[in-house]
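J.: Once you've had a glance at the structure underneath, I'll fire off some questions.
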Amino acid sequence: NSGSPLLNAKGELIGLVFDCNWESMTRDFNFDQNLHRVICLDVRYLLFITEKYAHMNYIIAEILGK
Numbered sequence: 070n071s072g073s074p075l076l077n078a079k080g081e082l083i084g085l086v087f088d089c090n091w092e093s094m095t096r097d098f099n100f101d102q103n104l105h106r107v108i109c110l111d112v113r114y115l116l117f118i119t120e121k122y123a124h125m126n127y128i129i130a131e132i133l134g135k
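The opening position of the sequence shown corresponds to residue 70 in this note's numbering, with each subsequent residue numbered one higher.
Dropping the structure here:
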C-alpha cells in the first residue's frame, strides 16, 4: 500500500508506508511476524524536505492545520 498513512496509537500521522521487504509479498496468504517488514518514511523528514527543498510552505500549513 504505497503512500498509506502510518498512525500511532493516538491516530496521529507519523509516517508514510512506501514499500515492504521481499518476504512480505506473501502476507495475504502466509503472515510471519519474524520475516515481514514495512518500509516507512518519517513524516518529520517529509515535512522538512517539502519545506526546505520544494518550498511548498502552503502544503505544510495545510497539513498542520494552520
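The beta-carbon is built from N, C-alpha and C at its ideal position, and this holds for glycine as well.
Note the first and the last residue of the continuous alpha helix (DSSP H) segment covering residue 53.
T.: Outside the displayed span of the chain (70 to 135) sits residue 53, for which this structure offers no information.
J.: To the nearest angstrom, report how far apart residue 132 and residue 122 are at their CA atoms.
T.: If you number the sequence shown from 1, residue 132 lands on position 63. If you number the sequence shown from 1, residue 122 lands on position 53. The alpha-carbon atoms of residue 132 and residue 122 are separated by roughly 17 Å.
J.: Out of 113, 89 and 112, state which residue places its alpha-carbon closest to the alpha-carbon of residue 102.
T.: Locating residue 102 in the sequence shown gives position 33, counting from the first residue. Cα-wise, what sits closest to residue 102 is 89.
J.: Would you tell me roughly how many angstroms separate the C-alpha atoms of residue 110 and residue 86, rounded to the nearest one?
T.: To locate residue 110, count along the sequence shown from 1; it is residue 41. To locate residue 86, count along the sequence shown from 1; it is residue 17. The straight-line gap from Cα to Cα measures roughly 6 Å.
J.: Ends of the alpha helix (DSSP H) at residue 121?
T.: Against the sequence shown, residue 121 aligns to sequence position 52. Residue 121 -> alpha helix (DSSP H) spans 112 to 121.
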